[in-house]
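Presented below is the structure to which this report refers.
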Amino acid sequence: MHIIIVGQGKLGMTLTKMLSTEGHDIVVVDKLDEVVDSTVNAYDVMGICGNGADCSVLQEAGAAKAKLIIAVTASDELNILCCLIAKRMGTEHTIARVRNPDYAKQTHFLRSELGINMIVNPEYETANEMSRIIRFPSAANLDSFARGKIEIARVRMHSDNPLCDVAIKDIRKKIRAVVIICAVQRNDEVFIPSGDFVLRRDDIISITGVRAELSVFMKQTGVYKQKIKNVMIIGGGRIAYYLSTLLADTGRNIKLIEINEKRCREMSELLTDDVTIIHGDGTDQDILEEQGLDRQDALVALTGIDEENIIVSMYAESKGVNKVMTKVNRHSSSLLNEIGLETIVSPQIVASNLVTRYVRALHNSDGNSSMQTLYKLVGGRVEAVEFIVPDDAQYTDIQFKDLQLLPNLLIACIIRNGKIIFPCGSDVMKKKDSVIIITAGRIIEDLHDIFM
Amino acid sequence: MNHRIVTYNVGRILLVEAALLVLPAIGSIIYGEDTLFAFALTIAALAAIGLISTHSKPEKTSLYAKEGYLIVAISWIMMSLFGALPFVISGYIPNLIDAFFETVSGFTTTGSTILSEIESLPKSLLFWRSFTHWIGGMGILVFMIAIMPKTERTAMHIMRAEVPGPTVGKLVSKLGASARILYGIYCVLTAIEIILLFAGGMPMFDSIVNSFATAGTGGFAVLNNSIEGYNSLYAEIVIGIFMLIFGVNFNLYYLISKGSIKQALKSEELHWYLGLVTASVVVIALNLATTTYHIGDSFRHAFFQVSSIVTTTGFSSIDFNKWPVLSKGILVLLMFMGACAGSTGGGLKVSRVIILFKGFARDLKKALNPRSVETIKVDKKTVDENIVKGVFVFGASYIIVILASCLIVSIDGFSLESTFTAVLSCVSNIGPGLGHFGPASNFADFSAFSKLILSIDMLAGRLELIPILILFAPATWSRK
């Protein structure tokens, strides 16, 4: 598929990496020569140097025949303009990154009236993911399927966890929660475990189930965390704004520390009164003590600098803050795991998951089982995908034990008429079921891809 | 440095060469020649070494500029070494150094030969000799990238090291697809030439091998007297025109095939190339008409010879060694310049000459008015200052390499004209020089040591210096 990516910032690079490994024909456009050069050297893509909203540049990039253009430059206005021009030139689909809160309310208008197919707001999506974790703090990370009915939570196995050195098939004997362990990350390796797989200390396991059962699981394994009442946010950028608005009406006490006084005033104008805004350096330990770090249930580090976020988070964890969340732009999960930070959220990964899902669905538009949701877990090496079984599928009503599934692939659960089924060998897929598939090292675009 | 990835890729190239050697082996069966054993043994050796080095895929597939250069340089040397084996084993060129020189000359599309009696070689060996031109013309690593279903994401470093020209762009976003398009154009043009030559009465075998030699801008002929031996105006015109065609940047053919003929014809490099060719033909023809031949023959030989030299093919329709000095002088200048970037020809490349001229003019202006600021533009687009600098450095290195080799080769004691043009001809991948090494004679008289130096020159010229020169740089091999 011919895809043009305009802007090679952090998100542009992440998208280039993800989409070029999926085998698409990619043309990247950026203003800076060096950036284009280094992208072309690193990935099998074509590079063009120029302004992405310049007709001749878009012409050269092949906008007339392209299937999709993704505009992710630093400027919202340029992104929108770029999409409008490309659309007129003949590009079939357009995705623009728009992240200014002023425009965030008019995404519907941008989509329906200006014809931009998808508006990505990485900061909002990141805040959304963080607010979900705050509502269910036991999980290190949390993704939801089927409109929130089913969730995947990631949990780290501490040494006091009763499941250490227990095989997966024996878990039911110890714990009475109806959940499935769908992926295990051990150091740098990822497994989709079979029944004989034995869990070890420091594994990070991904478990699927409904919220109530997940809670039971967490309680019985001792990783359950109390409900979060007091949240401290460090750094008052866009994510902080979105997160505060998302949490504001849930009755939680929010304390936001921002270093720039002018920005503090802006935030105070924008936000409701249940958010306490503090002017000060949130990375300063004295200020954290003064503002009562020890009384907080959660700390969210959202400054613009990765290093400061990491250090503040480590400090907060050492002070016994129950739940610590860290925003990191430069994502390298293996290193961050070693440091021991539990919940790391990266706006690039969140946004590129959304775009990848759109691209997969687009690429598969000839196929008929529509992809509902896609999450990349464990640094992108495991994917959790939700499909709806199409009406004309060949594989319905056949028991799973008679179907040849690909290795390293798991059907985590089936949702039929709102009822959740954890499938075993005698279960079947039926039309219009929602099916959640977990795979490692493979790209699944259509439900029929899962068979041998 | 990632040694495994270098070995792995070189191994793959050797496997590709083994597969390519099957063609001449089949030829030796068809013609019932005694070379089958030589080919079979070489194929077996290549396959064995290739399979051992590609046995396990390297864990780390990261590949950077340094590995890219090394893969290209080592592949070309190994390829030439093994490509020489059929000549040695079959006993037609018993000396390994001679056979190595001949094969390097083939792969680098130079076309200098150490054979005085070409016609006595069996057809399968003649085919292999010309086939090396065809493979080397577009580049064997490009071929490998073209046939691989999926390229490593950093394979651009390999492509850049092998494809000639100051900048390397892709035609389409995927490297593999770009390489396939290039080879597609190459095959189609070669096929057209074969058909045209055959239609003009040349034997099929000769049509094929001469077309291979033209396509790669190589210049190995199958007759002792090169193209002169056919004594056919038709063949000279077809080959003359096709040499010029293969000297044009292949990107332009891609543009034409997409229907943007206007855009292709706007290329500034093409204008300079055709302008300089026309000017040279006219001057040489007039010079010849006043001294040697009558006017018709003057244009015929001037056209063929200019086309042959500027594209660095090196076919001859006449012994131009006997031409007046002005004509020979123009030919030597054309030897320096060579063909367009992104073609199969060698030399400095027309686009570099354009940048050199424009840069020179700019610096003159700047000397007069030091505050003036001016960017160099080619095709109405600004050329990055780093590329301009790179072109000047390349021009200087080119001359240094030629002068240094001249000094070493002059130990053999040939005249200055002979020594200089022989070295220039090797570095620019042309074939014949002047004087003792003119089109009517060959390179057999050089000492073994000089032949080795000239082989390195040919490789350095084909790969545009850096890949070969870094083999001699301590920094390449240091572990720091």
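So the sequences go chain by chain: A and B.
Taken in order, the first sequence gives residues 10 to 461; the numbers are from our numbering.
Taken in order, the second sequence gives residues -1 to 478; the numbers are from our numbering.
No residue lacks a Cβ here, since even glycine has one placed at the ideal position from N, Cα and C.
Predicted model, so just to flag it, every value in this text is computed and none were measured.
Assigned with DSSP and collapsed to three states, B/D455 falls in helix. Of all residues in the segment 35 to 65 of chain A, only I35, V36, D42, V49, N50, A51, Y52, D53, V54, M55 come within less than 8 angstroms of chain B when Cβ atoms are compared, listed by chain position. Cβ contact annotation for B/T311 (same chain, cutoff 6 angstroms, sequence separation greater than five): T215, G217, M241, in chain order. The criterion of a C-beta distance shorter than 8 angstroms is not satisfied by B/G327 and B/G336. The beta carbon of A/L255 is closer than 7 angstroms to those of A136, N137, S140 in its chain, skipping five residues each way along the sequence. Per DSSP, the unbroken beta strand (DSSP E) holding A/I128 starts and ends at 127 to 129. Under the 8 angstroms criterion on CB atoms, B/K58 is classed as non-interfacial with respect to chain A. Secondary structure note for A/Q194: its beta strand (DSSP E) is the uninterrupted segment 189 to 195. Distance from the CA atom of A/I314 to the CA atom of B/F80, rounded to whole angstroms, is 56 angstroms.
Excluding its 5 nearest sequence neighbours in each direction, A/V368 has C-beta neighbours in its own chain below 8 angstroms: M10, I12, L28, E31, H33, L77, listed in chain order.
DSSP, reduced to helix, strand and coil, places A/D85 within a helical segment of the structure shown. In the same chain as B/D410, and ignoring 5 residues on each side of it, the C-beta atoms closer than 7 angstroms to its own belong to F444, S445, S448, in chain order.
B/T130 and B/L18 have their C-alpha atoms spaced approximately 9 angstroms apart.
Check the Cα spacing between A/Y404 and each of A/L386, A/M438, A/K428, A/V364: the tightest is with A/M438. When the five nearest sequence neighbours on each side are left out, the beta carbons in the same chain lying within less than 8 angstroms of the beta carbon of B/V4 are those of E65, L68, I69, I72, in order along the chain.
Ranking A/K271, A/F460, A/L279, A/I159 by CA distance to the CA of A/Y251 puts A/L279 first. In terms of CA proximity to A/I407, A/S435 leads the group A/G427, A/D400, A/S435, A/L418. The segment 106 to 113 of chain B and the segment 183 to 197 of chain B do not touch, with fewer than three beta-carbon pairs separated by less than 8 angstroms.
For B/I243, there is no enclosing beta strand (DSSP E); the enclosing alpha helix (DSSP H) has its first and last residue at 231 to 244. Boundaries around B/F37 are those of the alpha helix (DSSP H), 34 to 51, since no beta strand (DSSP E) includes it. Residue-level contact by beta carbon holds for B/A153 and chain A, with a gap shorter than 8 angstroms. Separation of A/D42 and A/C58 (C-alpha to C-alpha, rounded to the nearest whole angstrom) is 6 angstroms.
When DSSP states are grouped into helix, strand and coil, B/Y228 belongs to the helix group. Counting the other Cβ atoms within 10 Å of the Cβ of B/I259 gives fewer than 16, which makes it exposed.
Here B/S114 has N440, A442 as same chain residues with Cβ atoms under 7 angstroms from its own Cβ, once five neighbours each way along the sequence are excluded. Taking a Cβ-Cβ cut-off of 7 angstroms, the neighbours of B/K168 in chain A comprise M55, given in sequence order. Within chain A, D34, I35, V36, V54, M55 have C-beta atoms less than 7 angstroms from the C-beta of B/S171, given in sequence order.
Contact annotation: the segment 393 to 405 of chain B touches the segment 419 to 430 of chain B, with at least three C-beta pairs closer than 8 angstroms.
Looking from the CA of A/E267, the closest CA among A/M461, A/V309, A/I424 belongs to A/V309. Taking one beta carbon from each stretch, the segment 198 to 210 of chain A and the segment 287 to 302 of chain A have fewer than 3 pairs nearer than 8 angstroms; the two do not touch. Leaving aside the five residues that flank A/A148 on each side, the residues in its chain whose CB is nearer than 7 angstroms to its CB run, in chain order, I142, A162, R163, V164. Counting only Cβ-Cβ distances below 9 angstroms, B/D377 has no contacts in chain A at all, with the closest Cβ about 13 angstroms away. Counting along the chain, A/Y384 sits inside the beta strand (DSSP E) bounded by residues 380 to 386.
Between the segment 386 to 403 of chain A and the segment 149 to 161 of chain A there are three or more C-beta pairs closer than 8 angstroms, enough to call the two in contact.
Only exposed fits A/E298, as fewer than 16 other CB atoms lie within 10 angstroms of its CB. The C-alpha of A/E347 lies about 15 angstroms from the C-alpha of A/V199.
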